[in-house]
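Counting in my numbering, the sequence shown runs from 15 upward without gaps.
Glycine residues also receive a C-beta, built at the ideal position from the N, C-alpha and C atoms.
As the structure is a computational prediction, the values presented were derived from the model and not from experiment.
Notes to accompany the following structure.
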Amino acid sequence: MNMRLKSIVAIIVGTAIMGFGINAFNIPNNLAEGGITGISIIIKLLLPQVDQGIVYFALNIPLFFIGWKVLGRTAFLYTIIGTISLSAFLSLFDVLVTPSALDDTLLAALYAGVTVGAGLGIIFRFGGTTGGVDIIARLLQKSAGISMGRTLFFGDMLVIGASLIYLSLESAMYTLVAVFIAARVIDFFQEGAYAGKALTIISDKTSEITKQILDLGRGVTMLSGRGAFTGGTKDVVYCVVSRNEVVRMKHVIQEIDPHAFVVVNDVHEVLGEGFTFDENRQPLREE
């Protein structure tokens, strides 16, 4: 499967998950959402007889003209596909899903956040968008240097604030929970499957530590460092390991040099040997 076709399929799958979550959890439990999606939900809650998919698509039409100038050809294609497929799935699941409010609104907010976040995470992971505020955010970033995150956050808060016209304060607060959970789930998908930990090690026994790390099957990069106070130079060991190897690595370092200075940082995505390459130095491929 070529990369473009794979991305299109993934975007469609992501919009299906998102469309299901909105119809199964947001609307039955009076939970809004940010951006254009949130506006379409508010209209649906105010006028239950309208087709939310059509409303969502109609709201995005004026933004397509902006997107054509702001986005590249491929990004614009993915945006069109994402918007049309989300509109279709909103309409489809509006018919297939029987609205049923959960007894626990907090649980509904969690489910809404996970499904919407998972859907958007997949869409963003493969270079797509669902139109709406995403296009405006790209325009402001390009023309005014305003970060996309700030624009998206402001747009979400504006729509959620407007939802108070119809929703209770309690529902708006649960909506914030759902939006927060969705943001965390999106981050999870954006960070990728090959997350890990980076270790920076300063020690007088770097050669012994390096040998042990290499014996454990991990690569090491030697950096040259100089102490600001002493002015002395020494080697600095840098390596990246998977999360479940961190404890073992720390034990190895402590056994060799209890006085070693070790810094452990989160690594959101790792590409290369030991993570995305097999033992023959060939890229791992998903079947």
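When we look at the beta-carbon of residue 135 and count the other beta-carbons within 10 Å, is it buried (16 or more) or exposed?
Along the sequence shown, one-based indexing puts residue 135 at 121. Looking at its Cβ environment, which holds 16 or more other Cβ atoms inside 10 Å, residue 135 is buried.
If you follow the alpha helix (DSSP H) that residue 2 is part of, which residue opens it and which one closes it?
No statement about residue 2 is possible, as the shown extent of the chain runs from 15 to 301 and does not include it.
Between the Cα of residue 39 and the Cα atoms of 278, 149, 168, 120, which residue gives the shortest distance?
Residue numbering aside, residue 39 sits at position 25 when the sequence shown is read from its first letter. The residue with the shortest Cα to Cα distance from residue 39 is 120.
Return the first residue and the last residue of the alpha helix (DSSP H) that residue 74 is part of.
In the sequence shown, residue 74 corresponds to position 60, counting from 1. From DSSP, the alpha helix (DSSP H) with residue 74 extends over 66-84.
Run through the DSSP bridge pairs and tell me what residue 1 is partnered with.
Lying outside 15 to 301, the shown extent of the chain, residue 1 is not represented and no answer is given.
Determine the contact status of residue 12 and residue 33, defining contact as a CB-CB distance below 7 Å.
With the chain covering 15 to 301 only, the question about residue 12 has no answer from this structure.
Pick out whichever of 241, 142, 165 has its Cα sitting closest to the Cα of residue 26.
Along the sequence shown, one-based indexing puts residue 26 at 12. Selected option, being the one with the closest Cα: 142.
Would DSSP call residue 289 helix, strand or coil?
Taking the sequence shown and counting its residues from 1, one reaches residue 289 at position 275. Low local confidence applies: a pLDDT of 49 at residue 289 is under 50, so the model's placement there is unreliable, and no value is given.
Please determine, among 133, 80, 113, 114, the residue with the shortest C-alpha to C-alpha distance to residue 149.
Translated into the one-based positions of the sequence shown, residue 149 becomes position 135. For the residues 133, 80, 113, 114, the minimum Cα distance to residue 149 belongs to 80.
In three-state terms, what does DSSP make of residue 252?
Sequence index remark: in the sequence shown, residue 252 carries index 238 (1-based). For residue 252, the secondary structure class from DSSP, reduced to helix, strand or coil, is strand.
Quick check on residue 115: buried or exposed, where buried means 16 or more other Cβ atoms within 10 Å of its Cβ?
As a working note, residue 115 is residue 101 in the sequence shown. It counts as exposed.
Determine the contact status of residue 212 and residue 281, defining contact as a CB-CB distance below 7 Å.
Residue 212 sits at position 198 when you count from the first residue of the sequence shown. Residue 281 sits at position 267 when you count from the first residue of the sequence shown. Taking 7 Å as the Cβ cut-off, residue 212 and residue 281 qualify as a contacting pair.
Which stretch, first to last residue, makes up the beta strand (DSSP E) that contains residue 120?
On the sequence shown, position 106 is the one that residue 120 refers to. Here residue 120 belongs to no beta strand (DSSP E); instead the alpha helix (DSSP H) covers 119-139.
Count the other C-beta atoms from every protein chain shown that fall within 10 angstroms of the C-beta of residue 20, then say buried if there are 16 or more, exposed otherwise.
Taking the sequence shown and counting its residues from 1, one reaches residue 20 at position 6. Exposed, since its Cβ has fewer than 16 Cβ neighbours within 10 Å.
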